[in-house]
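Chemist:
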Amino acid sequence: MDAVSHFLHAIPVDLIIIQTVNGIVTGLILALIASGLTLIFGILDVVNFAHGELFMLGAYVGVIVVAATGSFWLGLIASALIVAILGAALQIVTLRPLIGRDPLNTILVTFGISLVLQNYALWQFGPVQRKIPEPFSAHFTLFYLQYPWYRIMIAALSAAIIGGFWLFLKYSKFGIWIRATTQDRVMAQAMGIPVPLVYTGVFALGAGMAAASGVLFGPLGGVNHTMGLDWVLKAFIVVVVGGMGNLGGSIAAAIFISLLEAYAAIWLDPSQAVIVSFVALILTLLFRPTGLFVATPK
Amino acid sequence: MTAAPLQQPMTLKKSGLSHTAVFWIGFCVVMAVLIIAPLLLPEFWRRFLTEILIWGLLAMSSDLLIGYTGMVSFGHSAFFGLGMYCAAAALLILHPANLWLAILFGLAGAAGAALFVAYFSTRLRDIYFAITTLIFSQIFYVIIFTWTAVTGGENGLIFSRPHLSIPFIYDARFTSTTMHWFVLAVVTASYLFLRRVTQSPFGMVLQSIRENEARTRAIGYPVERYKIVSVMLSGLFAGLAGVLYAIQNQFVSPTFVYFITSGDTVIFNVIGGIGTLVGPIVGAGFFQLMRELLSRLFGDQFPYLIPLGIIFIAMIILLPQGLLGFARRWLNR
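Chains as they are written, first to last, in the working numbering: chain A, 742 to 1039; chain B, 5 to 337.
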């Protein structure tokens, strides 16, 4: 009983509000990663195990470019472009030969890619944590905290990229190709849509978005070679909870999961807070295996 | 993940020996080499060979899922780790430490974990199964890593080896040679058992789930129950590998429960050849030898996983049956 009354007295309203803001910020970064992952799954039927490593590599490219030029924005753009090209190359070399084979082959290959990329990063950059300097250092007061505007900016920017991506899918020619391919691959091909190009393009797009989120996350946490696995796990959870291949569901699930973890971190050690999202995943799989944020399939 | 139809090896036709005879002759030759090896090898390579056998057992257990039931587990580190930690618990709590009780504890721990994972994950197929097993193994990792009071947290646990004892007959300290023989005996028994399982009617049902799950269900087999049993069986042998590893190295640490171990297990399988049971052992041997070779040639800091990862990717694309794939049909007859 003592624990309960202690608990009730100690509901920390200020902490909850702070954690809500934190959760939304990380949720939007996560949504940026997960939307690439879910798009790749929806179109290529590939669970991209290497997505976390593309995120990590994006962050490293950001570190280098920002250090060289001093401009955060240049780092963001360069990193997205470079990693997108890398993603296209990876898709052509490793995934294209596997089209038509069992989808489990693709998870194995992307696992191999993640292994190579992660060890390359360790070899190239060493085990020391790097950091991207914040683009500006203004703060506002949130209770007793000096909350950096930068974090709010990240959230807004992630939302903007996702919004732009949505418009791209909706109105651009390539976006329409992508949606057509998602709906019916064979018919799309019959209509003259270059499906292999769509595959490569989608993979490059997803890789670029992962890289951009890596750069955005850079000033928030550190950049190291193992960050990929944490984030790809989170993204997997998000994509399953949101419904595989479902873009809107992934975005909602990303924010949902991040908020859950942020609230859990009030009472638990951050490394244990992860378990909360694991539990959310297990419950989803048990009761709504198609995902929380999709209409019940008929 | 299916193998193309394969021709029988030429030697069979020439010698005219029956398949069974050739298989057991080959088996005896390999066994003889592995029994004599520790007497000839220096200490380092003796331990090296023992570890390959242990990793091979872990990979072999996962082959039951990947190669026979058609489910890729990315969470075998959980079973391996639970086997390890429970064996460590038995060795630390019980006095005097008993080898067989340690094995029993390890198997019980692994079976518990396997039941838990199997219950949830077998509802899902293909990639969902892979992702769920991965996430379950991370749950176990986080628990073991953060529960410092019991598991020793990041530092792990250190203990001493039990005696190798057979009640009333034999009781002596393990030497690296007897340890090798002990591991060899366990791995061989596990291989023969798993081989029997895969050839039994039960194993046939598992393979038919791999080939066509819907049809297997339509024929009337309770597919979920078969899957749960196969995950549990697989977890049990992974746990056994964990127990052996703990006894061999006299320490346990959370790194073995981490995802890397599961990933290695999958790599051993793919390199060696899935669906062969012995392939994964060969894969483990190949991987560990390459690793040793590369770090000797280029120094300890060399990122051996880059070339090995590239070999792994190339093998999936070009040689999806693995090193022993050519013998897959033959080994399973």
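Idealized CB from N, CA, C, for every residue including glycine. Keep in mind it's a predicted model, so treat the numbers as computed, not measured.
Below 8 Å on the Cβ atoms is my contact criterion, and I expect Ala189(B) with Met88(B) to pass it. Report the Cβ-Cβ distance as a whole number of Å.
Modeler: Indexing the second sequence from 1 puts residue 189(B) at position 185. Indexing the second sequence from 1 puts residue 88(B) at position 84. About 20 Å; that fails the 8 Å criterion.
Chemist: Return helix, strand or coil for Asn965(A), following the three-state DSSP convention.
Modeler: Within the first sequence, residue 965(A) is the residue found at index 224, counting from 1. Looking at Asn965(A) - three-state DSSP - the assignment turns out to be coil, as it is neither helix nor strand.
Chemist: Pull up the CB-CB distance for Trp181(B) and Arg337(B), whole angstroms please, since I reckon it's below 8 Å.
Modeler: As a first step, residue 181(B) is located in the second sequence; it is residue number 177 there, counting from the start. As a first step, residue 337(B) is located in the second sequence; it is residue number 333 there, counting from the start. Contrary to the premise, residue 181(B) reads as Thr rather than Trp in this sequence. Thr181(B) to Arg337(B), Cβ: 34 Å. No contact.
Chemist: Determine the chain B residues that contact Tyr861(A) at a beta-carbon separation under 8 Å, and present them in chain order.
Modeler: Translated into the one-based positions of the first sequence, residue 861(A) becomes position 120. Correct list: Pro307, Ile310.
Chemist: Between Gln924(A) and chain B, is the shortest Cβ-Cβ distance under 8 Å, so that the two count as touching?
Modeler: As a first step, residue 924(A) must be located in the first sequence, where it is residue number 183. No, Gln924(A) lies away from the interface with chain B (no Cβ there is under 8 Å from its Cβ).
Chemist: Identify the contact partners of Gly983(A) in chain B, using a Cβ-Cβ distance below 8 Å as the criterion.
Modeler: Numbered from its first residue, the first sequence carries residue 983(A) at position 242. Result: empty, since nearest Cβ-Cβ is about 13 Å, beyond 8 Å.
Chemist: Where does the unbroken beta strand (DSSP E) through Asp175(B) begin, and where does it stop?
Modeler: Looking up residue 175(B) in the second sequence gives position 171. Counting along the chain, the beta strand (DSSP E) containing Asp175(B) begins and ends at 174-176.
Chemist: At a CB-CB cut-off below 8 Å, which residues of chain B make contact with Lys977(A)?
Modeler: The residue labelled residue 977(A) in the question sits at position 236 within the first sequence. Here residue 977(A) turns out to be Phe, not Lys, going by the sequence shown. Here the neighbours are Ile135, Leu138, Ile139.
Chemist: Should Leu62(B) be labelled buried (16 or more other beta-carbon atoms within 10 Å of its own) or exposed?
Modeler: The sequence position of residue 62(B) within the second sequence is 58, counting from 1. Flag for Leu62(B) reads buried.
Chemist: Counting only beta-carbon separations shorter than 8 Å, does Ile314(B) have a partner in chain A?
Modeler: On the second sequence, position 310 is the one that residue 314(B) refers to. Yes, because at least one Cβ of chain A sits closer than 8 Å to the Cβ of Ile314(B).
Chemist: Taking the beta strand (DSSP E) that Gln887(A) falls in, what are its first and last residues?
Modeler: The sequence position of residue 887(A) within the first sequence is 146, counting from 1. Looking at the DSSP string, the run of the beta strand (DSSP E) that includes Gln887(A) is 886-889.
Chemist: Decide if Leu974(A) is buried, meaning its Cβ has at least 16 other Cβ atoms within 10 Å, or exposed.
Modeler: As a working note, residue 974(A) is residue 233 in the first sequence. When all chains shown are included, Leu974(A) counts as buried.
Chemist: Mind pulling the chain A residues with CB within less than 9 Å of Arg127(B)?
Modeler: Taking the second sequence and counting its residues from 1, the one referred to as residue 127(B) is at position 123. Neighbours of Arg127(B) on chain A, chain order: Leu1026, Leu1027, Pro1030.
Chemist: Can you say whether Met35(B) is buried or exposed, counting buried as having 16 or more other CB atoms within 10 angstroms of its CB?
Modeler: On the second sequence, residue 35(B) is found 31 positions in, with the first residue counted as 1. So Met35(B) counts as exposed.
Chemist: Closer than 8 Å, CB to CB, is Thr941(A) near chain B or not?
Modeler: Walking along the first sequence from the start, residue 941(A) turns up at place 200. For Thr941(A), the answer is no, since every Cβ of chain B falls outside 8 Å of its Cβ.
Chemist: What in chain B is Cβ-close to Ser913(A), meaning under 8 Å?
Modeler: In the first sequence, residue 913(A) corresponds to position 172, counting from 1. Those do not exist, as Ser913(A) stays about 29 Å from chain B at its closest Cβ, beyond 8 Å.
Chemist: Would you identify the three-state DSSP class for Phe83(B), choosing helix, strand or coil?
Modeler: Locating residue 83(B) in the second sequence gives position 79, counting from the first residue. Here Phe83(B) sits in helix by DSSP.
Chemist: On the criterion of 16 or more Cβ atoms from any shown chain inside 10 Å, does Lys231(B) qualify as buried, or is it exposed?
Modeler: Counting from 1 along the second sequence, the entry for residue 231(B) is found at position 227. Answer is buried; the Cβ neighbour count reaches 16.
Chemist: Do we get a CB-CB distance below 8 Å when we pair Asn846(A) with the residues of chain B?
Modeler: Taking the first sequence and counting its residues from 1, the one referred to as residue 846(A) is at position 105. Yes, Asn846(A) counts as interfacial toward chain B.
Chemist: Residues in its own chain within less than 6 Å of Ile403(B) by CB, not counting five upstream and five downstream?
Modeler: Lying outside 5 to 337, the shown extent of chain B, residue 403(B) is not represented and no answer is given.
Chemist: How about His966(A) and Phe866(A): do their beta carbons lie closer than 8 Å?
Modeler: As a first step, residue 966(A) must be located in the first sequence, where it is residue number 225. As a first step, residue 866(A) must be located in the first sequence, where it is residue number 125. Cβ distance < 8 Å, so His966(A) and Phe866(A) count as in contact.
Chemist: Using a threshold of 8 Å, state whether the C-beta atoms of Leu168(B) and Phe140(B) are closer than that.
Modeler: In the second sequence, the residue the question calls residue 168(B) occupies position 164. In the second sequence, the residue the question calls residue 140(B) occupies position 136. It is not a contact, given that the beta carbons lie outside the stated cut-off.
Chemist: Can you name the residues of chain B whose CB is closer than 8 Å to the CB of Gly838(A)?
Modeler: To locate residue 838(A), count along the first sequence from 1; it is residue 97. Note that residue 838(A) is Pro in the sequence shown here, rather than Gly. Correct list: Ile321.
Chemist: Just to make sure I have the definition right: I need the residues of chain A whose C-beta is within less than 8 Å of the C-beta of Phe149(B). Which are they?
Modeler: By one-based count along the second sequence, residue 149(B) stands at place 145. Here the neighbours are Ser1012.
Chemist: Helix, strand or coil for Ser169(B)? Go by DSSP, reduced to three states.
Modeler: What you label residue 169(B) is simply residue 165 of the second sequence in a count that begins at 1. Ser169(B) falls in the strand class under three-state DSSP.
Chemist: Tell me where the alpha helix (DSSP H) around Phe881(A) begins and ends.
Modeler: Here residue 881(A) refers to the residue found at position 140 when the first sequence is read from its first residue. Taken as a continuous stretch (DSSP letters only), Phe881(A) belongs to no alpha helix (DSSP H), being part of the beta strand (DSSP E) at 880-883.
Chemist: Would the beta-carbon of Ala242(B) fall within 8 Å of that of Phe124(B)?
Modeler: To locate residue 242(B), count along the second sequence from 1; it is residue 238. To locate residue 124(B), count along the second sequence from 1; it is residue 120. No. Outside cutoff.
Chemist: Identify, in the order they occur along the chain, each residue of the same chain with its Cβ nearer than 7 Å to the Cβ of Ser234(B), setting aside the five sequence neighbours on each side.
Modeler: To locate residue 234(B), count along the second sequence from 1; it is residue 230. So the qualifying residues of the chain are Leu68, Leu69, Thr73, Leu210.
Chemist: Between the beta-carbon of Phe163(B) and the beta-carbon of Ala92(B), is there less than 8 Å?
Modeler: Numbered from its first residue, the second sequence carries residue 163(B) at position 159. Numbered from its first residue, the second sequence carries residue 92(B) at position 88. Yes, these two residues count as a Cβ contact at 8 Å.
Chemist: Whole angstroms are fine: how far does the CA of Val807(A) sit from the CA of Leu822(A)?
Modeler: Indexing the first sequence from 1 puts residue 822(A) at position 81. Indexing the first sequence from 1 puts residue 807(A) at position 66. Cα to Cα, Leu822(A) sits roughly 14 Å from Val807(A).
Chemist: Can you check which of these residues, Asn860(A), Asp755(A), Leu773(A), is closest to Gly905(A) by C-alpha distance?
Modeler: Looking up residue 905(A) in the first sequence gives position 164. The candidate whose alpha carbon is nearest that of Gly905(A) is Leu773(A).
Chemist: Within 8 Å of any Cβ in chain B, is that where the Cβ of Thr967(A) sits?
Modeler: Numbered from 1 along the first sequence, position 226 holds the residue referred to as residue 967(A). Thr967(A) does not count as touching chain B.
Chemist: Taking the runs of the beta strand (DSSP E) that are 3 residues or longer, which of them lie wholly in the segment 300-335 of chain B?
Modeler: Those beta strand (DSSP E) runs which fall completely within the segment 300-335 of chain B and span 3+ residues do not exist here.
Chemist: What would DSSP say about Phe727(A), mapped onto helix, strand or coil?
Modeler: Missing from the structure shown is residue 727(A); chain A here goes from 742 to 1039 and no further.
Chemist: Excluding the five sequence neighbours on either side, which residues of its own chain have a C-beta within less than 6 Å of the C-beta of Gly160(B), listed in chain order?
Modeler: Position 156 of the second sequence, counted from the first residue, corresponds to residue 160(B). Contacts found: Phe255, Val256, Ser257.
Chemist: Provide the residue span of the alpha helix (DSSP H) that contains Glu55(B), from first to last.
Modeler: For the purposes of this step, residue 55(B) is identified with residue 51 of the second sequence, where counting begins at 1. 47-67 is the span of the alpha helix (DSSP H), which, as asked, contains Glu55(B).
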